Amino acid sequence: MSDHSKSHRGMTRIRNYFLTGFVVCAPLAITAYLTWSFIGWVDSWVKPYIPGRYNPDNYLPFAVPGFGLIVALILITLIGFLTANFIGRTIFSYGEYFLDRMPLVRSIYRGLKQIFETVLSHKSDVFKKVGLIEYPRRGLWAIIFISSERESEVNIKLEDQSGRTVAVFLPSTPNPTTGFLLYVPKSEVIELSMTVEEAAKLIISAGLVTPEYQKITHDLAVQAGATTPRDAA
22 MSDHSKSHRG MTRIRNYFLT GFVVCAPLAI TAYLTWSFIG WVDSWVKPYI
72 PGRYNPDNYL PFAVPGFGLI VALILITLIG FLTANFIGRT IFSYGEYFLD
122 RMPLVRSIYR GLKQIFETVL SHKSDVFKKV GLIEYPRRGL WAIIFISSER
172 ESEVNIKLED QSGRTVAVFL PSTPNPTTGF LLYVPKSEVI ELSMTVEEAA
222 KLIISAGLVT PEYQKITHDL AVQAGATTPR DAA
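Each residue of the sequence shown is one higher than the one before, starting from 22 at the first, in our numbering.
What follows is the structure, encoded as structure tokens:
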């Protein structure tokens, strides 16, 4: 083997080692950076309101990261506890009453409150299913999150024209938090077995990170009549 071939194989091996190390280190570094930034952001908001005698930064020669976050978590939990009883609900209702008297603020508050209640409610079926629709034209398929199958004015108005419709969220790549709300005929939605988390990874990675799918198990289930090709897709 020539020296040139050995040198080329050596450079290829080094490049592969670098790419492997990058794949391992990049997610860890980004996660650590985002976590640290979030802790610092919460600390910068909370610490200025902590009395000096209770702030450990005034006693130690270094700042204590995360102390403001801990205080914020305790305060949020305490507010939730107080709101759950009669006195807390009364105070909270008065606060909402005053917010409802403010023209611009009440619209923002109501919208945000409804979003958080929908997302955090245990009874909500928001984003529990993943599916496919033909978009932006026939023959092209896009991943969607099924938002809700509940009856609404939009569903009822479209029933005569399009049959039963469902609200779906069409996320963008590589940022799945942005996208479009669409009302699609239920018959045109192909539900997938992958989880929302797996679909989000697929979207963020632009198709590079695909969830595992056992095609053999799928084929056996279809042959046994346990499911249909459309349902198991």
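From the three backbone atoms N, C-alpha and C, an ideal C-beta is built for every residue, glycine too.
What you are looking at is a predicted structure, and each value in this text was computed from that prediction instead of being measured.
* Does the separation of the CB atoms of Ile60 and Gly87 fall below 8 Å? -> yes
* Quick one: what's Leu191 bridged to in DSSP? -> Phe201
* To do: Could you spell out where the beta strand (DSSP E) holding Gly116 opens and where it closes?
  => Per DSSP, Gly116 belongs to no beta strand (DSSP E); it is in the alpha helix (DSSP H), Phe107 to Asp121.
* To do: Quick one: using the 10 Å Cβ neighbour count with 16 as the cut-off for buried, is Ser128 buried or exposed?
  => exposed
* To do: Please confirm whether Val175 and Met215 have their CB atoms less than 8 Å apart.
  => no
* Note the first and the last residue of the continuous beta strand (DSSP E) segment covering Val92. => Premise fails: Val92 lies in the alpha helix (DSSP H), Phe88 to Thr104, not in any beta strand (DSSP E).
* Simplified DSSP assignment, three categories, for Asn79 -> helix
* **Cβ neighbours of Phe113 in the same chain (closer than 7 Å, five flanking residues each side left out)** => Thr104
* According to DSSP, is Ala253 helix, strand or coil? -> With a pLDDT of only 45 at Ala253, under the threshold of 50, the placement of this residue in the model should not be trusted, and no figure is reported.
* **Per-residue burial, Leu213 [other beta carbons within 10 Å of its own, 16 or more giving buried]** => buried
* What's the call for Pro197, buried or exposed, on a 16-neighbour Cβ count within 10 Å? -> buried
* **Segment limits, beta strand (DSSP E) that includes Glu212** => Ile211 to Leu213
* Is the distance from the Cβ of Ile211 to the Cβ of Leu191 below 8 Å? -> no
* Asked: Does the Cβ of Asp64 have 16 or more other Cβ atoms within 10 Å, making it buried, or fewer, making it exposed?
  -> buried
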